Amino acid sequence: MLNKQTAINLIAQMISSFVNLGIGFLLTPFIVNNIGVESYGFVGLANNFISYAQILTVALNSMAGRFITISLYQNNSEDTNKYFTSVFYANVVMSVGLTVPLVFILIFLDHFLDIPEMIVIDVTILFGMFFANFLINIISSVFGISTFAKNRLDLASWRNISSDLVRVITLVTTFSLFIPKLSYIGVATLLSTLVAVTLNIIFTKKLLPNIKINRRYFELMKIKEILSSGIWNSITQLSQVLSKGLNLLISNIYIGATSMGVLSVAQTVPQVILSLFAVLSNVFAPQLTISYAKQDKEGMQNQLLSSIKILGIFSSIPMAILFAYGEDFYSLWVPNQDAGLLQILSIIICAGFTFALPLEGIWNIFTAVNKVKQTSLFLLSNSVLNIIVVLLVLPFVHDSMTKLLIIVGVEAAISIIRSLTFLPIYGAQCINIKLTAFYPAIFKHALSLIIVTLLSVLVRNYLTIDSWFTLILAAFATVIIAVIINVITVLDKNDRENIVALVKKRGR
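Under my numbering, the first residue of the sequence shown carries the number 1, and numbering increases by one thereafter.
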């Protein structure tokens, strides 16, 4: 199902993701307990402001990796250097241009947002650190392409682990030695980015020794070529901001800072799940792009179908755990918050994942074959519809909890429709297979999730969960159940025979 390097990348990315998950698991309650849920909401909001600004930069940087990789594997070193150099200088210009509006936002931040008076300065410093971090990421982003272009995402994983460890060490140290402040989160984020940038530069010199940044390689036409495709990814980014990034801002404006903080906490686990599967699906992106550069269409089809099957095997595990033990988890994780409300919000947010997670790899196809226009326009229409419905309904609702449910519920409903219509149909069209080719996999995974969740609920009824030990024990039971169910429902006969043969071979 997987070649050796892709398997190595997958394992490394899983390790990196679980390290990140563990850090987030430990840090979130640590931060909330030290600064309060109301203040914690501004961390998510600061990240959302960055996502707003990324709309302007993603047009160039989202497609740079594709063009550099294709020219590299077509043995066109001149073009490779031109793309690399042109993107670098364009990013420097963009970062300089964005500095002025970002400084303006910082100066008048308390006029834009509902910020408690006692933390205005702290929130402003937090946003300032996040903005500086964003500008550094723009300038250095081209150096992150080397691990993608050479299909060495395992190196990218170790880079992420190193960066995450620097972040957690900085946070724990500052929160322990000084009075806890929001601004320390910004400092930790900035330091972790500097570590990542340094490693990216080292990897680029190692993996792409012939790459040189030289002004003579700069060509405006190369920038224009990338932007002609990447502009649609900016629209996709805008869509994501409208559908997800504005949720906290709308909560802040229409409900208040406290409800925004609750929603920020409730979004944490779903975002971790989605990010985990986005990372896992990205493991297949370099090989898909390389296969496209070599015009290996059959290889692309096999790689995509493998990604759907592999992602499907894992997809039911985190959601079944959340659905069955969510309230117990939140009671232990953030004991001072309403665990029941957090579980309800998280379940609604995750509802669309039921059909979407196994298909995450399809998004890589759109970039590889340079067919992002239709995807972008469709996502934009989804997001605009989402915002219109929410803004039309909220003024007629007075209960804060109901408002939160509306904000997350509308997004979930649209996500389900998208996952059952556009994504599988257009994805199949892009690789010239039957338009209904992905539907058996979609419904197999949905069935698997239902069965695993029901069996996990039975486990919860027979097991009193009142500690982390019993929660971990219950989660482990769900993992075992999910593996058995997925082997039966997701894998076909040939896959099961291959696994048995591999086990027998290892046992000799």
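Ideal placement from N, C-alpha and C gives every residue a C-beta, glycine not left out. Predicted, not measured: the structure shown is a model, and the values here were computed from it.
In terms of Cα proximity to L342, the closest of Q429, G361, V262 is V262. In this structure, the beta-carbon distance from S307 to E225 does not fall below 9 Å.
Counting other Cβ atoms within 10 Å of its Cβ, K222 reaches 16 or more and is therefore classed as buried. Judged by DSSP in its simplified three-state form, N382 adopts helix. Sequence-distant Cβ neighbours of R215 in its own chain, meaning closer than 8 Å and more than five residues away, are T85, Y89. Between L109 and V43, the CB-CB gap reaches or exceeds 9 Å.
Close CB contacts of L405 within its chain, under the 8 Å cut and outside five residues either way in sequence, are with I344, L345, I348 (chain order).
Counting of Cβ neighbours within 10 angstroms places M63 among the buried residues, the total reaching 16 or more.
Put simply, the backbone Cα of L379 is about 6 Å away from that of T236. Measuring C-alpha to C-alpha distances from Q271 to each of N370, N47, I481 identifies N47 as the nearest. Closest by C-alpha distance to P424, out of V459, I465, I387, I365, is I365. Judged by their CB atoms, F30 and V172 are nearer to each other than the 9 Å cut-off.
Here V389 has V410 as same chain residues with Cβ atoms under 6 Å from its own Cβ, once five neighbours each way along the sequence are excluded. When rounded, the separation of the alpha-carbon atoms in L45 and L207 is 36 Å.
Taken through DSSP and simplified to helix, strand or coil, R152 comes out as coil.
Here the C-alpha atom of V384 lies approximately 10 Å from the C-alpha atom of L238. T85 carries a helical assignment under DSSP once its states are collapsed to helix, strand and coil. In this structure, DSSP gives I211 a state outside helix and strand, which the three-state scheme calls coil. Nearest to A368 by C-alpha distance, out of F284, S456, L394, is F284. In this structure, the straight-line span from the alpha carbon of N336 to that of M118 is close to 22 Å. Between F469 and Y462, the alpha-carbon positions lie close to 15 Å from each other. Here A475 carries a helix assignment [DSSP, helix/strand/coil]. Around A351, the same chain offers A412 as residues with beta carbons nearer than 6 Å, after the five sequence neighbours per side are excluded. Here T170 is not near A156, since their CB atoms are 9 Å or more apart.
Each of S281, L392, P286 was checked against the Cα of L357, and the nearest Cα belongs to S281. Between W232 and T99, the C-beta gap is not smaller than 9 Å, which leaves the two residues out of contact. F443 sits exposed, since fewer than 16 C-beta atoms from the chains shown fall within 10 Å of its C-beta. Counting along the chain, the unbroken alpha helix (DSSP H) around R418 starts and ends at 400-420. The C-alpha of K373 lies about 13 Å from the C-alpha of G427.
In this model, G340 and S381 are separated by some 33 Å (Cα to Cα). Within a 10 Å sphere around the beta-carbon of V93 sit fewer than 16 other beta-carbons, which makes this residue exposed. Annotation: the segment 421-462 contains the following complete segments of the alpha helix (DSSP H) (minimum length 4 residues), in chain order: 422-430, 439-462.
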